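*Asks:* The numbering of the sequence shown is my numbering, which starts it at 35 and goes up by one.
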Amino acid sequence: MSKGRAHVLDLTQPQRMEQRFDAAIVMGGLHHCVADLGTTLANIAALLKPGAPLMMFEPNREYVLQFARDLWYRVDGYFDAATRGRAGPWRCASPCRRCFPARAGAVFRRAGLFLIYNSLVFRMPHGLKRAVSPPLMAMEAGFNRLPGKRLFSSFTARWRRG
Numbered sequence: 035m036s037k038g039r040a041h042v043l044d045l046t047q048p049q050r051m052e053q054r055f056d057a058a059i060v061m062g063g064l065h066h067c068v069a070d071l072g073t074t075l076a077n078i079a080a081l082l083k084p085g086a087p088l089m090m091f092e093p094n095r096e097y098v099l100q101f102a103r104d105l106w107y108r109v110d111g112y113f114d115a116a117t118r119g120r121a122g123p124w125r126c127a128s129p130c131r132r133c134f135p136a137r138a139g140a141v142f143r144r145a146g147l148f149l150i151y152n153s154l155v156f157r158m159p160h161g162l163k164r165a166v167s168p169p170l171m172a173m174e175a176g177f178n179r180l181p182g183k184r185l186f187s188s189f190t191a192r193w194r195r196g
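Shown next, in the form of structure tokens:
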């Protein structure tokens with residue numbers, strides 16, 4: 035088994051890397067690259083082998099409580115509000131359809147995951163996180179059956195590189 039190398043890159047700037055990967059996962063990062071989303075997605079595509087999947091988990095810009103999220107970003111010093119924007123699965127796709135022509139679609143879900151994934155944002159102690167995770171994830175199974183997008187704080191999507 036070979037050891038991998040870590041790379042620090044600004045994906046909003048053109049990059050050149052020779053290595054190609056079998057898959058990419060972006061966890062809440064694309065909405066911080068909306069200033070140059072086309073370059074960001076082109077860089078990600080260039081890092082992937084043809085046909086490789088890009089999986090993502092991003093905030094839903096159509097969320098009914100988006101105003102609260104925007105306010106939180108402005109007042110909480112933990113965030114750099116200037117580098118983030120409102121991501122949506124189709125807004126993300128439009129700058130780079132040639133890079134990711136095959137989209138498996140987006141799923142607007144994750145009420146419980148939102149609280150667990152953002153436990154640092156909410157300053158949730160680790161012990162509390164461990165205690166609330168099982169009931170939150172159980173409630174999520176029912177919540178995820180609700181129709182529409184506005185009730186869901188985030189989405190997951192899977193695209194395939196062309």
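Beta carbons are placed, not taken as given, at the ideal position from N, Cα and C, and that holds for glycine. Just so we're clear, the structure is a prediction, and the values are computed from it rather than from any experiment.
With three or more beta-carbon pairs closer than 8 Å as the criterion, would you say the segment 42–55 touches the segment 69–83?
*Replies:* With a cut-off of 8 Å, the segment 69–83 and the segment 42–55 count as touching, because enough Cβ pairs lie within range.
*Asks:* Quick one: what's got a C-beta closer than 6 Å to Ile150's C-beta in the same chain, skipping five residues either side?
*Replies:* Here residue 150 corresponds to residue number 116 of the sequence shown, with the count starting at 1. Counting only Cβ-Cβ distances below 6 Å, and skipping sequence neighbours, we find Ser167.
*Asks:* Report all residues from its chain with a CB closer than 8 Å to the CB of Lys163; omit the five preceding and five following residues, and keep chain order.
*Replies:* Working through the sequence shown from its first residue, we reach residue 163 at position 129. Answer for Lys163: Ile150, Ser153, listed in chain order.
*Asks:* My output table needs one value for Arg108: the three-state DSSP class, helix, strand or coil.
*Replies:* Taking the first residue of the sequence shown as position 1, residue 108 is located at position 74. Residue state, collapsed to three classes: helix.
*Asks:* Touching or not, the segment 167–180 and the segment 54–73, by the rule of three or more beta carbon pairs under 8 Å?
*Replies:* Judged by Cβ distances under 8 Å, the segment 167–180 makes no contact with the segment 54–73, as fewer than three pairs qualify.
*Asks:* Three-state secondary structure (DSSP) at Glu92?
*Replies:* Here residue 92 is taken as the residue at index 58 of the sequence shown, counted from 1. Reduced to three states, the DSSP call for Glu92 is strand.
*Asks:* Report back the beta-carbon spacing between Cys67 and Leu45 to the nearest angstrom; my notes put them in contact at under 8 Å.
*Replies:* Locating residue 67 in the sequence shown gives position 33, counting from the first residue. Locating residue 45 in the sequence shown gives position 11, counting from the first residue. Yes, Cys67 and Leu45 are in contact; Cβ-Cβ is about 6 Å, under 8 Å.
*Asks:* For Phe134, count neighbouring C-beta atoms within 10 Å of its own C-beta (all shown protein chains included) and say buried if the count is 16 or more, exposed if not.
*Replies:* The residue labelled residue 134 in the question sits at position 100 within the sequence shown. Buried, by the Cβ-count rule.
*Asks:* Roughly how many angstroms lie between the CA atoms of Phe55 and Arg195, to the nearest whole one?
*Replies:* Residue mapping note: residue 55 aligns to position 21 of the sequence shown, counting from 1. Residue mapping note: residue 195 aligns to position 161 of the sequence shown, counting from 1. Between Phe55 and Arg195, the C-alpha separation is close to 11 Å.
*Asks:* Roughly how many whole angstroms lie between the Cα atoms of Ala191 and His160?
*Replies:* Counting from 1 along the sequence shown, the entry for residue 191 is found at position 157. Counting from 1 along the sequence shown, the entry for residue 160 is found at position 126. Distance between the alpha carbons of Ala191 and His160: 28 Å.
*Asks:* Is it buried or exposed for His41, if we count other Cβ within 10 angstroms and need 16 for buried?
*Replies:* Position 7 of the sequence shown holds residue 41. Classification for His41: exposed.
*Asks:* From which residue to which residue does the beta strand (DSSP E) around Val60 run?
*Replies:* Reading the sequence shown from its first residue, position 26 is the one you call residue 60. Element bounds for Val60: 58–61.
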